[in-house]
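Asker: Numbering (this note's numbering), first residue to last: 1171 to 1349. C-beta atoms are modelled at their ideal positions from N, C-alpha and C, and glycine is treated no differently. Just so it is clear, the structure is predicted and the values come from calculations on it, not from any experiment. Quick one: the structure is below, questions incoming.
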């Protein structure tokens, strides 16, 4: 039987990863841990790992990370709890300000979605105020209709930066209220 696979691209650091027989992680620059690109599959069972190892060179490409990318990932892995804790702290400030929905206590807050009526205009307003809010990456026709912007959640954001983001987001909330 084929095991179910957890799409954990945005969940590195979530305590529930152990529930799935397989979980797929992403190391994209906007994820919790980055190696600049790439990902990893976590498996529980040796036979699943053996099957995956056999499939590696079967026409799907095998893009191994460089030693530099691996070193970057390892250095960040040592700080995983710190990164997740800081993201949760920033998201907590956004929650208190009523800017984002509550995604639950286990959320690692890879994305802080602020729902607005006009995401394009809202991102432009943030950019005018030198804030790096982003639109969701359009992966499907449905996600192109998404009515949210992604607020900055970088662990290295200083508290003064977070308060400035909240101040500008309050203006966005007034101009383009949640649909």
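I'd like to confirm the pairing. Which residues does DSSP put opposite residue 1177 in its beta bridges?
Answerer: For the purposes of this step, residue 1177 is taken as residue 7 along the chain shown, with counting starting at 1. DSSP, once it has assigned bridges, lists 1194 as partnering residue 1177.
Asker: Below 8 Å, how does it come out for the segment 1289-1300 and the segment 1257-1277: are there three or more Cβ pairs, yes or no?
Answerer: They do not touch, by the three-pair rule.
Asker: Name the one or two DSSP bridge partners that residue 1285 has.
Answerer: Position 115 of the chain shown, counted from the start, is the residue given in the question as residue 1285. According to DSSP, residue 1285 bridges with 1318.
Asker: Can you name, in chain order, every residue of its own chain whose Cβ lies under 7 Å from the Cβ of residue 1235, other than the five neighbours on each side?
Answerer: Here the question's residue 1235 lines up with position 65 in the chain shown. Result list for residue 1235: 1205 and 1208, in chain order.
Asker: Quick check: the Cα distance between residue 1342 and residue 1326, rounded to an integer number of angstroms?
Answerer: On the chain shown, position 172 is the one that residue 1342 refers to. On the chain shown, position 156 is the one that residue 1326 refers to. Each residue's Cα considered, the two are about 24 Å apart.
Asker: On the DSSP letters alone, give me the boundaries of the beta strand (DSSP E) that residue 1213 sits inside.
Answerer: Within the chain shown, numbered from 1, the residue matching residue 1213 stands at position 43. Residues 1209-1213.
Asker: Measure the C-alpha to C-alpha separation of residue 1305 and residue 1254 and round it to an integer number of angstroms.
Answerer: As a first step, residue 1305 must be located in the chain shown, where it is residue number 135. As a first step, residue 1254 must be located in the chain shown, where it is residue number 84. Distance between the alpha carbons of residue 1305 and residue 1254 is about 22 Å.
Asker: I believe residue 1317 touches residue 1287 by the beta-carbon criterion, under 8 Å. Please report the beta-carbon distance rounded to the nearest angstrom.
Answerer: Locating residue 1317 in the chain shown gives position 147, where the first residue counts as 1. Locating residue 1287 in the chain shown gives position 117, where the first residue counts as 1. Correct: roughly 7 Å between the Cβ atoms.
Asker: Leaving out five residues on either side along the sequence, give the residues of the same chain with a beta carbon under 8 Å from the beta carbon of residue 1291.
Answerer: Counting from 1 along the chain shown, the entry for residue 1291 is found at position 121. Counting only Cβ-Cβ distances below 8 Å, and skipping sequence neighbours, we find 1345 and 1346.
Asker: Going by C-alpha distance, which of 1276, 1321, 1264 and 1262 is nearest residue 1289?
Answerer: Taking the first residue of the chain shown as 1, we reach residue 1289 at position 119. Per the Cα distances, 1321.
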